[in-house]
Amino acid sequence: MKKKAWYDYLWIVTPVYFALGLFNILFAWLGMIFFSVPLLLAIFGGNKVYCNRYCDRGQFFTLLGKRMKWSANRPTPKWMGSKWFRYGFLIFFFAMFFQMLWMTFLVGAGSQSLRETVQLFWSFRVPWQWANPHLDVAAWVVQFSYGFYSMMLTSTLIGLIVMVLFQPRSWCVFCPMGTMTQLICKWKSGKAVPVCAGCNEGGCHGAITGTGKRSGRDDGASGK
Amino acid sequence: MRAFASVIQDRCVACGSCVKVCPLGAISVWRGVMAVVDTGRCVGCGKCKQECPAGAITIEKRGETA
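Same order as they appear, the protein sequences are chains A and B. Note that the numbering used here gives residue 1565 to position 117 of the first sequence, counting from 1, and the numbers run on in steps of one. Note that the numbering used here gives residue 67 to position 64 of the second sequence, counting from 1, and the numbers run on in steps of one.
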């Protein structure tokens, strides 16, 4: 049994985040951490260490799906891992994100009134007015909180559904942040290719397969 | 004959689920792009295959070449 590191307990962040938003929607701004940290690590570090180690949501799904056995453990449908679905979902997610930013702008400009609701699955408005602390902050700050919390809650619910139906971390297959950081890492790695120890011994043992198989040498595959 | 894990690179999303469960530390995520198996260490136990949400791992059986 591997000894647990401090980051193995980060799953607690997910329920705490949503619990805080139940009482004070302004805590939704903390979610910017989940957006910026993986991006910064991918852009400057050229890695997906956030997904690999620190992602609270991935750990939370593992805890519920694997430890608590809430997952059916069926194979994730192949179409969910296809490029068109992954990139399509990324584009859709970004479109919804920018729509949310536009709404925030309109509220800030005074042409729309503040909507104290959480919008689930980009469709269903759930009253959430009790979580507005009515502090002395601009209306757009509160509107962004509602919008961001809606997005976080919706994506977590989608992740929970696929966790129950398929594998604990099926969400990771089409997670927009994961897709985006992998794209950044691919761009950063350029034409460099991984080579496993077997290949270094001479002759590919077949530890990397797939169409468009990379064929070159790079010693970056020796692990972390 | 020996068994080892093989990564289908087009399907791998580099989430790192496989890295966490490998009892021999034989798999790592290469530059955030894909998982890479150290065939020298891998014994083909299949834990990574079970864990992979993307179905990107298969267990290959090959004769010794080195």
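Where is the CB? At the ideal position from N, CA and C, for every residue including glycine. Quick caveat: nothing in here was measured; it's all calculated off a predicted structure.
- Item | Interface partners of residue 1630 of chain A on chain B, CB under 8 Å | Near residue 1630 of chain A (Cβ distances below 8 Å), the residues of chain B are 16, 17, 35, 36.
- Message: Starting from residue 72 of chain B, trace the alpha helix (DSSP H) in both directions and tell me its first and last residue.
- Response: Given a span of 4 to 69 for chain B in the structure shown, any question on residue 72 of chain B remains unanswerable.
- Message: Does residue 16 of chain B come out as helix, strand or coil in the three-state DSSP assignment?
- Response: coil
- Query: Is there contact between the region 38 to 49 of chain B and the region 4 to 13 of chain B, where contact requires at least three CB pairs shorter than 8 Å?
  - Reply: Contact between the region 38 to 49 of chain B and the region 4 to 13 of chain B is present, with at least three C-beta pairs closer than 8 Å.
- Item | Check whether residue 39 of chain B and residue 31 of chain B have beta carbons under 8 Å apart | yes
- Proximal chain B residues relative to residue 1617 of chain A, where beta-carbon distance stays under 7 Å: In chain order: 18, 20, 56.
- Query: What in chain B is Cβ-close to residue 1575 of chain A, meaning under 9 Å?
  - Reply: Within chain B, no residue comes near residue 1575 of chain A; the closest Cβ sits about 35 Å away, beyond 9 Å.
- Hey, how far is the Cα of residue 69 of chain B from the Cα of residue 1519 of chain A? Legend: pLDDT at residue 69 of chain B = 43, less than 50; position of this residue unreliable, value from coordinates given subsequently. Each residue's alpha carbon lies about 41 Å from the other.
- Local Cβ density within 10 Å of residue 1491 of chain A, reported as buried at 16 or more and exposed below that: exposed
- Bridge partner(s) assigned by DSSP for residue 1567 of chain A: Answer by DSSP bridge pairing, in chain order: A:1573.
- Query: Going by Cα to Cα distance, which pick from A:1477, A:1528, A:1450 is closest to residue 1590 of chain A?
  - Reply: A:1477
- Message: For a test of the three-state rule: what should DSSP assign to residue 1661 of chain A, helix, strand or coil?
- Response: Because the pLDDT at residue 1661 of chain A is just 46, under 50, the model does not fix this residue reliably, and the value given afterwards should be weighed accordingly. Coil.
- Message: Across the region 1624 to 1638 of chain A and the region 1592 to 1601 of chain A, are there enough close Cβ pairs to call them in contact, namely three or more that are closer than 8 Å?
- Response: Counting C-beta pairs with one atom in each stretch, the region 1624 to 1638 of chain A and the region 1592 to 1601 of chain A have fewer than three that are closer than 8 Å, which means they do not touch.
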